[in-house]
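Visitor:
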Amino acid sequence: STNPRAADRLLLTATLKFKTISYKDTSCDISVSGPSQITLNKIEKNTLMSISRGGTTPSQKTIKMDVTCPQGSVGNKLYYWFNPVNGTSSAGDGIIDNMITGTEAANNVGVIFKIDNKPIIFYDAETYSFAKAQASQNFTFTADYYRMSDNSAEV
Numbered sequence: 055s056t057n058p059r060a061a062d063r064l065l066l067t068a069t070l071k072f073k074t075i076s077y078k079d080t081s082c083d084i085s086v087s088g089p090s091q092i093t094l095n096k097i098e099k100n101t102l103m104s105i106s107r108g109g110t111t112p113s114q115k116t117i118k119m120d121v122t123c124p125q126g127s128v129g130n131k132l133y134y135w136f137n138p139v140n141g142t143s144s145a146g147d148g149i150i151d152n153m154i155t156g157t158e159a160a161n162n163v164g165v166i167f168k169i170d171n172k173p174i175i176f177y178d179a180e181t182y183s184f185a186k187a188q189a190s191q192n193f194t195f196t197a198d199y200y201r202m203s204d205n206s207a208e209v
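Residue numbers (my numbering): 55 to 209.
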C-alpha cells in the first residue's frame, strides 16, 4: 500500500531562521554622460542623399557613457549590450526606424548607432566588453541619420 497506517506515518516539520542577508554588490552602473536626450541636428535631404548609405553625416553625434563599478567588480570582465526600447529596423544592424510622423517627418530615414564606426549589434550580450572593469571608466558610440532608400523621391 502507498499510504501507511496512521501509526507508521512520519510528519516532517522544518523551522527556518534567517539571519541578516547581505548581497554582494557586483553590478556596474552605466549612464549617459550629459543630457539624457540627444537630438541630432537637422539635415537637408540633398545632403543626406549625397552621402553613401550608412556613411557619416555632418549631423552625427558622439554619445559618452559613464561606467562606475563597485569594488566587487573591479578587475573582472564586464559585458554591456544595447537593447533599443522601441525595437530595431529591418534595414540592418544598429538601425532604428524613425518614430516621428506627420508632414514634417522624414520618410525612410532612421537612426544608426555605431561603435568604432561599425553598426552596433543590438541584443548581443557578448560582443561589447571591458577586459578588466575599473571603478570608473567610459565608452563612446555615435548616432547618425540613416537613409533607407537610394531613391530621392522615397526619402
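C-beta: ideal position from N, C-alpha, C; glycine also.
Are the beta-carbon atoms of M103 and S190 separated by less than 8 Å?
Guide: Contact flag unset, no.
Visitor: Applying the criterion that 16 or more other CB atoms from any shown protein chain within 10 Å of the CB defines a buried residue, is L94 buried or exposed?
Guide: Exposed: under 16 other Cβ atoms inside 10 Å.
Visitor: Please identify the residue among F72, S143, S90 and F184 whose C-alpha is closest to the C-alpha of K118.
Guide: Residue S90 is the option with its Cα nearest to K118.
Visitor: By DSSP, does A197 sit in helix, in strand, or in coil?
Guide: Of the three classes helix, strand and coil, the one that applies to A197 here is strand, per DSSP.
Visitor: Name the DSSP bridge partner or partners of T122?
Guide: According to DSSP, which records beta bridges pairwise, T122 is partnered with D83 and S190.
Visitor: Taking only three categories from DSSP, how would you classify T157?
Guide: Coil, per DSSP.
Visitor: For the ligand MN, is there a heavy atom less than 7 Å away from the beta-carbon of S106?
Guide: For the structure depicted, the ligand MN is absent and the ligand set is empty, with no information on it obtainable.
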